[in-house]
Amino acid sequence: MNNIPHIPVLLDEVLDGFSSIKEGYFVDCTLGYAGHSEAMLKTYEQIQHLGIDRDDEALSFSKARLEPFKSRSKLYKGTFASTLAILEEQPITGLLADFGVSSLQLDKMDRGFSFESETLDMRMDARAKLSAYEVVNEYPQDKLEYILNHYGEVRSYKKVAAAIVQARSENSIQSGKELSDIICTVIPRGGKIHPATLSFQGIRIEVNNELGEIEGLLDVLESKYKVGELDGTIVSLITFHSLEDRLVKNRYKKWASKCICDAQAMRCTCGKDNDLGKMLFRKPIVATQKELKINTRSRSAKLRTFIFKESRSNG
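Sequential numbering from 126 applies to the sequence shown in the numbering used here.
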């Protein structure tokens, strides 16, 4: 356990956000390599822990790492939205999701996330059917353009898609390195960010249905609260790019809205009592300069926290 493969982002800020938890279950929806979970278990000795991940390698590592807490910890394999929906443990008093890709996934060449990778994979669950190979080599050009534009926010998305289609017409694209080189023929090198970063992001999001999973998680949280399962629950979500952050920010804003009348209505008729809770802070928490020096991957992390209110029946 000395060789920890991933530094958890915004760790102190995450711990502070859950400081009011006295008991119940803390759910780590993106267990990864258990950095946040281990810290929570050490800091809050009264809580029970549930960890969810779809990566077998991460689950195996985390099981060993959390062995000292096995009496208080239980791990589940699966996507966080579908797994959370069927959890029976109650009450859930805190929930965390860190939507970033772990350092180990990015750095290990055989996982196919890296610009230098010898494979073209990008699956968080190695047993999932769709990989980056199928996306890159089989998707029609217009669908590639959509992914690069909407998921990667690549400015030259049409040129990148065309270059991929042209290259694969001669030979299938076999590796992350090969794909990265193709993208670099369209987007020149310059600055700190690799030219293929956004394109890889878009393809990775498609492979793992990342935005759909986040929406699914938000839907499950909302439905669970409405049936009385998340009274007073603290929800902290960490995003790493604008698409993720927009989904979280907009849903939190909806949940915090007291009035649900049409914006064109002459006057409010809903009673202005429709909020599900409140945002802990209006603006997201970001990494400190101290953390940025230690972990450069924290530079784009944003933490937003929402606290569901207690139902009337509970006070």
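In this text, a Cβ means the ideal position worked out from N, Cα and C, and glycines have one as well.
The model shown is predicted, which means the values in this text are computed figures rather than measured ones.
**Message:** Looking only at its chain, what residues have a beta carbon closer than 6 Å to the beta carbon of Glu435, apart from the 5 residues adjacent to it on each side?
**Reply:** Along the sequence shown, one-based indexing puts residue 435 at 310. Cβ within range, chain order: Asp356, Gly357.
**Prompt:** Would DSSP call Ala222 helix, strand or coil?
**Reply:** As a position in the sequence shown, residue 222 is number 97, starting the count at 1. Strand.
**Residues sharing a beta bridge with Tyr150, DSSP** = Taking the sequence shown and counting its residues from 1, one reaches residue 150 at position 25. Per DSSP, Gln173, Ile217.
**Request:** Determine, using beta-carbon pairs with one atom in the stretch 248-257 and one in the stretch 306-322, whether at least three such pairs fall under 8 Å.
**Result:** no
**Prompt:** Ends of the beta strand (DSSP E) at Arg371?
**Reply:** The residue you call residue 371 lines up with position 246 of the sequence shown. Not the beta strand (DSSP E): Arg371 falls in the alpha helix (DSSP H), residues 367-381.
**Item:** Ile272 versus Ser382, Leu221, Phe325, Phe433, residue with shortest Cα-Cα distance
**Value:** Within the sequence shown, numbered from 1, the residue matching residue 272 stands at position 147. Ranking the options by Cα distance to Ile272, first place goes to Phe325.
**Range covered by the alpha helix (DSSP H) that runs through Lys415** = Sequence index remark: in the sequence shown, residue 415 carries index 290 (1-based). Taken as a continuous stretch (DSSP letters only), the alpha helix (DSSP H) holding Lys415 covers 414-419.
**Asked** Between Arg293 and Ser227, what straight-line distance do the alpha-carbon atoms span, to the nearest angstrom?
**Response** In the sequence shown, the residue the question calls residue 293 occupies position 168. In the sequence shown, the residue the question calls residue 227 occupies position 102. Straight-line Cα distance between these residues: approximately 29 Å.
**Message:** Quick check on Met247: buried or exposed, where buried means 16 or more other Cβ atoms within 10 Å of its Cβ?
**Reply:** Start at 1 with the first residue of the sequence shown, and residue 247 comes out as number 122. Met247 comes out buried.
**Prompt:** For Thr168, which three-state DSSP category applies?
**Reply:** Stepping through the sequence shown from its first residue, residue 168 is reached at position 43. It is helical.
**Message:** Taking 6 Å as the limit between beta carbons, can you name the residues of its chain near Gly341, skipping five residues before and five after?
**Reply:** Working through the sequence shown from its first residue, we reach residue 341 at position 216. Cβ within range, chain order: Ala206.
**Request:** Please classify Phe205: does DSSP put it in a helix, a strand, or coil?
**Result:** To locate residue 205, count along the sequence shown from 1; it is residue 80. It is helical.
**Prompt:** In chain order, what residues of the same chain have a beta carbon less than 6 Å from the beta carbon of Leu166, not counting five sequence neighbours either side?
**Reply:** Along the sequence shown, one-based indexing puts residue 166 at 41. Short of 6 Å from the beta carbon of Leu166, and not among the five residues preceding or following it, lie these beta carbons of its own chain, in chain order: His174, Phe194.
**Message:** Within 10 Å of its beta-carbon, does Gly440 have 16 or more other beta-carbons around it, so buried, or fewer, so exposed?
**Reply:** What you label residue 440 is simply residue 315 of the sequence shown in a count that begins at 1. Residue placement at Gly440 cannot be trusted, given a pLDDT of 43 that sits under 50; the coordinates are not used to answer.
**Prompt:** What residues are listed by DSSP as bridge partners for Asp178?
**Reply:** Stepping through the sequence shown from its first residue, residue 178 is reached at position 53. Answer is Lys202.
**Message:** If you follow the beta strand (DSSP E) that Ile432 is in, where does it begin and where does it stop?
**Reply:** Stepping through the sequence shown from its first residue, residue 432 is reached at position 307. For Ile432, the uninterrupted beta strand (DSSP E) segment begins and ends at 427-433.
**Asked** In this structure, what does DSSP give as the bridge partners for Lys403?
**Response** Taking the sequence shown and counting its residues from 1, the one referred to as residue 403 is at position 278. BP columns for Lys403 point to Ile432.
**Item:** Residues near Val279 by beta carbon distance below 7 Å, same chain, minus five either side
**Value:** The count along the sequence shown starts at 1 and reaches residue 279 at position 154. Residues Leu273, Val285, Leu323, Ser324, Gly327 of the same chain have their beta carbon placed closer than 7 Å to that of Val279, with the five preceding and five following residues left out of the count.
**Prompt:** Can you give the beta carbon distance from Asp400 to Lys374, rounded, assuming they're within the 8 Å contact cut?
**Reply:** Counting from one through the sequence shown, the residue named residue 400 turns up at place 275. Counting from one through the sequence shown, the residue named residue 374 turns up at place 249. Their Cβ separation, rounded to whole angstroms, is 16 Å, which puts Asp400 and Lys374 out of contact at 8 Å.
**Message:** Report the CB separation of Lys199 from Leu184 in whole angstroms; it is logged as a contact under 8 Å.
**Reply:** The count along the sequence shown starts at 1 and reaches residue 199 at position 74. The count along the sequence shown starts at 1 and reaches residue 184 at position 59. Between Lys199 and Leu184 a beta carbon distance of about 12 Å is seen, past the 8 Å cut, so the two are scored as non-contacting.
**Prompt:** For Tyr258, which option in Asp267, Leu209, Thr208, Asn333 has the closest C-alpha, if you only look at C-alpha atoms?
**Reply:** Position 133 of the sequence shown, counted from the first residue, corresponds to residue 258. When each option's Cα is compared against that of Tyr258, the closest is Asn333.
**Asked** How is Val290 classed by DSSP in three states: helix, strand or coil?
**Response** Along the sequence shown, one-based indexing puts residue 290 at 165. Reduced to three states, the DSSP call for Val290 is helix.
**Prompt:** Do Gly219 and Gly149 have their CB atoms nearer than 9 Å?
**Reply:** Counted from its first residue, the sequence shown places residue 219 at position 94. Counted from its first residue, the sequence shown places residue 149 at position 24. It is a contact, given that the beta carbons lie within the stated cut-off.
**Asked** Start and end of the beta strand (DSSP E) containing Thr322?
**Response** Counted from its first residue, the sequence shown places residue 322 at position 197. No beta strand (DSSP E) contains Thr322, which is instead part of the alpha helix (DSSP H) from 322-333.
**Asked** Since Val352 sits in a beta bridge, which residues does DSSP pair it with?
**Response** Here the question's residue 352 lines up with position 227 in the sequence shown. Answer is none; Val352 lacks a bridge partner.
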